[in-house]
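Beneath this line is the structure, given in structure tokens, with notes to follow.
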Amino acid sequence: VQCVGENTWSADPPVCQRMKCVRRNVANARASPNFGRHDFGSTVRYTCAGGYRLVGQRDVRCVGENTWSADPPVCERIQCQIRAVANARTLPEGQSVWYSGDNVTYECFVGYLMVGGALSTCRDDTTWSTPKPVCLRLLKCDVPNSIIFPNKDVFQPGEYVAYSCLPGYTLTGQNSTRCLPNGQWTGSRPECQKVRCPNLVVNNGGVSPVSHVWEFGDAATITCDDGHQLAGSGQVINCQANGEWDGAPSCEAITCPDRNVANAVKSLNQVIWHVNDVVSFVCEEGYRLEGQAASTCLENGQWSASLSQC
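In this text, residue positions in the sequence shown follow my numbering: the first is 29, and each later residue adds one.
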């Protein structure tokens with residue numbers, strides 16, 4: 029300003045106003061102090077809302093007219109690294125980003141048992157609220173040739189299963205067991221072993237195949253010695269589910285019917301004739317023989333020659 033007359037200046041004297049800065053808003057954050065304008069030299073502190081983390085300068089200072097000491101910070105949403113669990117699916121399916129406050133649920137595949145918590149929450153420090161669970165494989169409790177109760181493939185810890193064998197099998201071992209928390213079963217698994225039939229002894233005959241142990245489902249073929257024929261059952265018998273044979277074979281001697289000729293004397297005084305036995309007749313005095321004097325008992329139970337006459 030310039031003096032232009034007695035106590036007269038060319039302009040009013042200037043005023044020195046304190047410099048101020050306009051507050052800059054940051055999404056998902058609050059400023060403290062919360063003024064619209066801040067004086068030169070004052071400091072503003074930004075604090076992110078829950079679930080967000082601050083990137084940049086927390087405190088900024090007004091260093092000139094609308095001039096701050098640093099760019100405003102950014103509040104980024106907090107994320108947790110997803111933890112994959114072997115032999116399990118993650119729910120909700122298809123979600124790839126997990127923010128603070130989000131819940132994840134693990135579900136073991138069929139045949140696996142979860143050890144640990146199924147639900148976990150993403151926390152503000154980027155960690156999860158619970159340790160990662162483990163899905164342990166459950167042993168199937170099926171036993172060959174058996175029936176189980178209850179009839180299902182997977183059992184939870186504490187559950188019992190009872191075993192019974194199919195017809196033709198007998199149970200060896202405990203008939204029940206309990207599922208343990210480690211996915212194992214108490215005791216050893218029982219076995220269903222085939223029922224055995226008694227050994228076969230056929231007089232005047234043989235059995236094939238040659239075996240010392242006969243089990244359910246086995247078939248035995250009976251053959252008779254020369255001069256004998258099968259009686260009591262068919263040639264093949266089967267070991268049944270009740271441990272008994274479905275037949276009682278025997279080999280009986282083949283016999284030919286007794287022969288007598290009127291007015292003749294028989295060579296042997298017997299009534300039972302076996303294979304290869306020979307009977308002959310001699311006519312009494314005053315008679316003559318018509319036909320063969322001798323006949324042999326054959327393996328078909330018939331005589332080799334027709335009955336002669338005197």
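Idealized CB from N, CA, C, for every residue including glycine.
C-alpha gap between residue i and residue j, whole angstroms
i	j	result
Val29	Cys44	15 Å
Ser371	Gly79	Residue numbering for the chain in the displayed model covers 29 to 338; residue 371 lies beyond these limits and cannot be assessed.
Asn266	Leu164	46 Å
Pro226	Val235	13 Å
Thr75	Leu82	7 Å
Asn35	Pro42	16 Å
Asn232	Glu312	40 Å
His240	Asn270	19 Å
His256	Ser334	23 Å
Thr71	Cys49	10 Å
Ile282	Gly329	6 Å
Ser97	Val88	6 Å
Ala77	Val54	11 Å
Asp286	Leu194	53 Å
Thr95	Asn62	17 Å
Leu39	Gly64	In the sequence as presented, Leu is not what sits at residue 39; that position holds Ala. Near 33 Å, if we compare the C-alpha coordinates of Gly64 and Ala39.
Gln247	Cys284	Here the sequence assigns Ala to residue 247, which means Gln is not the residue at that position. So the alpha carbons of these two residues sit roughly 32 Å apart.
Pro19	Gln268	Outside the shown range of the chain, which is 29 to 338, sits residue 19, and nothing can be said about it.
Gly84	Asp99	8 Å
Val113	Pro120	14 Å
Trp301	Tyr315	26 Å
Asp5	Gly69	One cannot answer for residue 5 here, as it falls past the ends of the chain, which runs 29 to 338.
Gly92	Arg58	22 Å
Whole-number beta carbon distance between residue j and residue i, since they are thought to touch under 8 Å
i	j	result
Tyr134	Thr118	6 Å
Ser332	Ala321	12 Å between Cβ atoms; not a contact.
Val264	Thr249	5 Å
Asn291	Cys338	4 Å
Cys207	Gln184	6 Å
Leu258	Pro237	Actually they are not in contact, since the Cβ atoms of Leu258 and Pro237 sit about 18 Å apart, beyond 8 Å.
Gln107	Val125	6 Å
Val306	Thr324	5 Å
Arg111	Trp156	7 Å
Counted within 10 angstroms of its Cβ, other Cβ atoms place residue i as buried (16 or more) or exposed
i	result
Pro159	exposed
Cys31	exposed
Phe137	exposed
Tyr197	buried
Trp37	exposed
Val293	exposed
Lys180	exposed
Leu147	exposed
Leu166	buried
Val178	What sits at residue 178 in the sequence shown is Pro, not Val. Looking at its Cβ environment, which holds fewer than 16 other Cβ atoms inside 10 Å, Pro178 is exposed.
Ala116	buried
Pro101	buried
Within 8 Å, strictly: CB atoms of residue i and residue j
i	j	result
Val189	Ile175	no
His342	Arg51	Not covered by the structure: residue 342. The range shown for the chain is 29 to 338.
Leu317	Phe309	yes
Pro161	Gly186	no
Val303	Glu272	no
Cys103	Asn56	yes
Arg105	Tyr127	yes
Ser261	Gly245	no
Thr149	Gly122	no
Arg224	Trp213	no
Gly215	Thr200	no
Asp254	Cys279	no
Asn210	Tyr191	no
Unbroken beta strand (DSSP E) runs of length 3 or more, entirely within the segment 259 to 309: which are they? Taking 3 residues as the shortest admissible run, the segment 259 to 309 contains the following complete beta strand (DSSP E) segments, listed from N- to C-terminal end: 264 to 266, 278 to 281, 292 to 294.
Which runs of the beta strand (DSSP E) at least 3 residues long sit entirely within the segment 102 to 150? Give them in chain order. You should have 102 to 105, 116 to 119, 131 to 136, 140 to 143, 147 to 149.
Runs of beta strand (DSSP E) lying entirely within the segment 45 to 92, each at least 3 residues, in chain order: 48 to 50, 57 to 60, 65 to 67, 71 to 76, 80 to 83, 87 to 92, all fully within the segment 45 to 92.
Which whole runs of the beta strand (DSSP E) in the segment 173 to 228 are 3 residues long or more, in chain order? Runs of the beta strand (DSSP E) inside the segment 173 to 228: 174 to 177, 188 to 193, 197 to 200, 204 to 206, 219 to 222.
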